[in-house]
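From first to last, the protein sequence lines stand for chains D and X. Per numbering that gives the first Met the number 0, the first sequence runs over residues 0 to 108. Per numbering that gives the first Met the number 0, the second sequence runs over residues 0 to 217. We put the beta carbon where it would ideally sit given N, CA and C, even for glycine. Written out below as structure tokens is the structure these notes cover.
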Amino acid sequence: MTVSELANILALQSFCLPEPGREVTGGYVGDLLSWVMGRAKAGDAWLTIMSNQNVAAVALMTDAACVVLTEDVRPDEALLRRAQQQSINLLGTKRSSFDTAAALKDLLR
Amino acid sequence: MTPAAVAGLCRLAGLDVAALTDHNTCGNCPAFCAAARAYGLLALPGMELCTLEEVHVICLFPGLDQAMAFQDLVYPRLGDRGNDPEIFGRQVRMDVDDRVLGEEPRLLAGAADIGVYEVHTLAESCGGVAYPAHIDRDSFSLLSNLGLWDPALGFPLAEVSRRCPPDLFQRRRDLEGVRFLTGSDAHYLDQIQDAHQWMEVPAPTPQAVLDWLRRGGR
Numbered sequence: 000m001t002v003s004e005l006a007n008i009l010a011l012q013s014f015c016l017p018e019p020g021r022e023v024t025g026g027y028v029g030d031l032l033s034w035v036m037g038r039a040k041a042g043d044a045w046l047t048i049m050s051n052q053n054v055a056a057v058a059l060m061t062d063a064a065c066v067v068l069t070e071d072v073r074p075d076e077a078l079l080r081r082a083q084q085q086s087i088n089l090l091g092t093k094r095s096s097f098d099t100a101a102a103l104k105d106l107l108r
Numbered sequence: 000m001t002p003a004a005v006a007g008l009c010r011l012a013g014l015d016v017a018a019l020t021d022h023n024t025c026g027n028c029p030a031f032c033a034a035a036r037a038y039g040l041l042a043l044p045g046m047e048l049c050t051l052e053e054v055h056v057i058c059l060f061p062g063l064d065q066a067m068a069f070q071d072l073v074y075p076r077l078g079d080r081g082n083d084p085e086i087f088g089r090q091v092r093m094d095v096d097d098r099v100l101g102e103e104p105r106l107l108a109g110a111a112d113i114g115v116y117e118v119h120t121l122a123e124s125c126g127g128v129a130y131p132a133h134i135d136r137d138s139f140s141l142l143s144n145l146g147l148w149d150p151a152l153g154f155p156l157a158e159v160s161r162r163c164p165p166d167l168f169q170r171r172r173d174l175e176g177v178r179f180l181t182g183s184d185a186h187y188l189d190q191i192q193d194a195h196q197w198m199e200v201p202a203p204t205p206q207a208v209l210d211w212l213r214r215g216g217r
């Protein structure tokens with residue numbers, strides 16, 4: 000499943016989608032960036048409520064397929080700018096992290 | 000933004016006292032303190048420690064020896080992940096004349112394996128003072144990540160950012176009676192604020208400033 004397909008199926012809002020064809024192979028939920036840094040895997044859809052620019056650095060470092068901001072969180076200006084500069088897929092949803100993760104798990108099955 | 004330039008700008012801003020608190024390191028404090036001495040500025044070496052919970056805590060020390068002893072306690076608890084300069088930028092150490100001495104290979108941008116409840120005691124063990132940084136901010140702050148001010152943390156006061164809502168301490172019952180100061184949290188030279196706060200200390204020494212902080216800024 001590509002990031003674009005995931006966004007369509009879950010009706011995710013697209014803040015920045017430079018690589019819509021990127022394959023999503025897993026998922027990770029976490030808000031403590033240093034924790035996520037060592038645990039999220041390449042190809043994951045990373046679900047978080049953090050919206051500052053460090054999210055872009057961690058997404059880049061872990062090579063996540065996309066970041067999904069849950070709970071109706073919106074990226075701050077600096078994060079949006081860095082996501083655009085560094086070609087990071089940045090999406091959003093009103094759903095909770097739990098609901099989004101459950102839906103993602105179903106889709107990946 | 001070199002350590003010497005920071006010290007010089009602090010002096011130009013009319014400050015008498017300034018502290019350098021880089022993320023998880025005191026590596027540039029020797030240069031900062033040396034430059035401050037030349038400019039007639041009272042300098043406190045320090046660190047902005049990022050705890051396990053990703054709460055930023057300001058740790059200040061009376062001298063370089065104590066600051067470096069604290070760094071020696073923190074570094075082994077940063078984990079063994081290396082810095083990728085492409086993502087997090089270079090982690091340069093400089094001397095007082097802006098010459099590059101080296102680069103810190105460990106990743107300083109992450110969190111230390113040190114809980115926020117431990118920081119006060121750890122800083123005190125090196126003769127320092129610790130207090131949580133920019134508690135009003137919605138990331139990397141005590142209130143955002145821990146949810147409340149707990150007196151058991153042992154912090155003598157809190158730092159708020161320049162953009163702190165004026166009614167924060169009235170709005171929150173957990174902050175009743177908590178003392179605070181405003182920090183510039185300057186990441187760029189133009190964010191160094193002009194002198195606008197004051198402290199009454201018996202002598203212009205780092206120790207007197209730390210004692211003032213220990214008394215909650217009085």
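Please look up how many angstroms separate the CB atoms of residue i and residue j, rounded, as I've assumed it's under 8 Å.
{"i": "residue 133 of chain X", "j": "residue 176 of chain X", "result": "Contact flag wrong, Cβ pair sits at about 20 Å."}
{"i": "residue 131 of chain X", "j": "residue 54 of chain X", "result": "6 Å"}
{"i": "residue 21 of chain D", "j": "residue 88 of chain D", "result": "6 Å"}
{"i": "residue 109 of chain D", "j": "residue 32 of chain D", "result": "Residue numbering for chain D in the displayed model covers 0 to 108; residue 109 of chain D lies beyond these limits and cannot be assessed."}
{"i": "residue 52 of chain D", "j": "residue 73 of chain D", "result": "Actually they are not in contact, since the Cβ atoms of residue 52 of chain D and residue 73 of chain D sit about 14 Å apart, beyond 8 Å."}
{"i": "residue 127 of chain X", "j": "residue 59 of chain X", "result": "6 Å"}
{"i": "residue 35 of chain D", "j": "residue 57 of chain D", "result": "6 Å"}
{"i": "residue 46 of chain D", "j": "residue 1 of chain D", "result": "About 17 Å separates the two Cβ atoms, so there is no contact after all."}
{"i": "residue 76 of chain X", "j": "residue 112 of chain X", "result": "4 Å"}
{"i": "residue 180 of chain X", "j": "residue 196 of chain X", "result": "7 Å"}
{"i": "residue 38 of chain X", "j": "residue 62 of chain X", "result": "Wrong, their Cβ atoms sit about 18 Å apart, outside the cutoff."}
{"i": "residue 90 of chain D", "j": "residue 6 of chain D", "result": "6 Å"}
{"i": "residue 9 of chain D", "j": "residue 102 of chain D", "result": "6 Å"}
Relative to the C-alpha of residue i, which residue among the options is closest?
{"i": "residue 221 of chain X", "options": "X:149, X:180 and X:28", "result": "This structure cannot settle anything about residue 221 of chain X, because the visible part of chain X is limited to 0 through 217."}
{"i": "residue 70 of chain D", "options": "D:30, D:18, D:17 and D:16", "result": "D:30"}
{"i": "residue 55 of chain D", "options": "X:87, X:69, X:78 and X:43", "result": "X:87"}
{"i": "residue 49 of chain X", "options": "X:114, X:75 and X:121", "result": "X:114"}
{"i": "residue 305 of chain X", "options": "X:174, X:153, X:151 and X:152", "result": "Here chain X comprises residues numbered 0 to 217, so residue 305 of chain X is not present and cannot be evaluated."}
{"i": "residue 202 of chain X", "options": "X:29, X:41 and X:32", "result": "X:41"}
{"i": "residue 218 of chain X", "options": "X:76, X:95, X:24 and X:168", "result": "Nothing can be reported for residue 218 of chain X, as the shown portion of chain X is limited to 0 through 217."}
{"i": "residue 26 of chain X", "options": "X:184, X:170 and X:94", "result": "X:94"}
{"i": "residue 168 of chain X", "options": "X:9, X:186, X:22 and X:147", "result": "X:147"}
{"i": "residue 81 of chain X", "options": "D:60, D:101 and D:76", "result": "D:60"}
{"i": "residue 97 of chain X", "options": "X:1, X:195, X:57 and X:215", "result": "X:1"}
{"i": "residue 199 of chain X", "options": "X:214, X:186, X:187 and X:118", "result": "X:214"}
{"i": "residue 186 of chain X", "options": "X:3, X:21 and X:6", "result": "X:21"}
{"i": "residue 52 of chain X", "options": "X:141, X:217 and X:151", "result": "X:141"}
{"i": "residue 69 of chain X", "options": "X:138, X:157 and X:117", "result": "X:117"}
{"i": "residue 97 of chain D", "options": "D:26, D:8, D:75 and D:41", "result": "D:26"}
{"i": "residue 139 of chain X", "options": "X:119, X:56 and X:78", "result": "X:56"}
{"i": "residue 92 of chain X", "options": "X:28, X:204 and X:10", "result": "X:28"}
{"i": "residue 65 of chain D", "options": "D:86, D:95 and D:102", "result": "D:86"}
{"i": "residue 108 of chain X", "options": "X:165, X:30 and X:47", "result": "X:47"}
{"i": "residue 78 of chain X", "options": "X:157, X:106, X:123 and X:216", "result": "X:106"}
{"i": "residue 152 of chain X", "options": "X:144, X:120 and X:3", "result": "X:120"}
{"i": "residue 178 of chain X", "options": "X:217, X:165 and X:30", "result": "X:217"}
{"i": "residue 125 of chain X", "options": "X:45, X:30, X:164 and X:31", "result": "X:45"}
{"i": "residue 137 of chain X", "options": "X:164, X:123 and X:122", "result": "X:164"}
{"i": "residue 170 of chain X", "options": "X:43, X:135, X:36 and X:67", "result": "X:135"}
Under a three-way DSSP split, which group does residue i fall into?
{"i": "residue 186 of chain X", "result": "coil"}
{"i": "residue 154 of chain D", "result": "Since the displayed chain D opens at 0 and closes at 108, residue 154 of chain D lies outside it and no answer follows."}
{"i": "residue 20 of chain X", "result": "strand"}
{"i": "residue 95 of chain X", "result": "coil"}
{"i": "residue 179 of chain X", "result": "strand"}
{"i": "residue 105 of chain X", "result": "strand"}
{"i": "residue 13 of chain D", "result": "strand"}
{"i": "residue 72 of chain D", "result": "coil"}
{"i": "residue 99 of chain D", "result": "helix"}
{"i": "residue 43 of chain D", "result": "strand"}
{"i": "residue 1 of chain D", "result": "strand"}
{"i": "residue 23 of chain D", "result": "coil"}
{"i": "residue 200 of chain X", "result": "coil"}
{"i": "residue 89 of chain D", "result": "strand"}
{"i": "residue 88 of chain X", "result": "coil"}
{"i": "residue 7 of chain X", "result": "helix"}
{"i": "residue 14 of chain X", "result": "coil"}
Less than 7 Å between the CB of residue i and some heavy atom of the ligand NAP, yes or no?
{"i": "residue 199 of chain X", "result": "In the structure on display, the ligand NAP does not appear, and there are no ligands present to speak of."}
The region 6-17 of chain X in contact with the region 193-211 of chain X per 3-pair CB rule at 8 Å: yes
Inter-stretch contact (C-beta, 8 Å, three-pair minimum) for the region 89-104 of chain X and the region 2-16 of chain D: no
Touch test, the region 0-15 of chain X against the region 187-197 of chain X, Cβ-Cβ under 8 Å, three pairs minimum: yes
Alpha helix (DSSP H) segments (min. 4 residues) lying fully within the region 17-77 of chain X: 28-38 and 63-73
Beta strand (DSSP E) runs contained entirely in the region 112-176 of chain X, provided each spans 3 or more residues: 128-131 and 157-159
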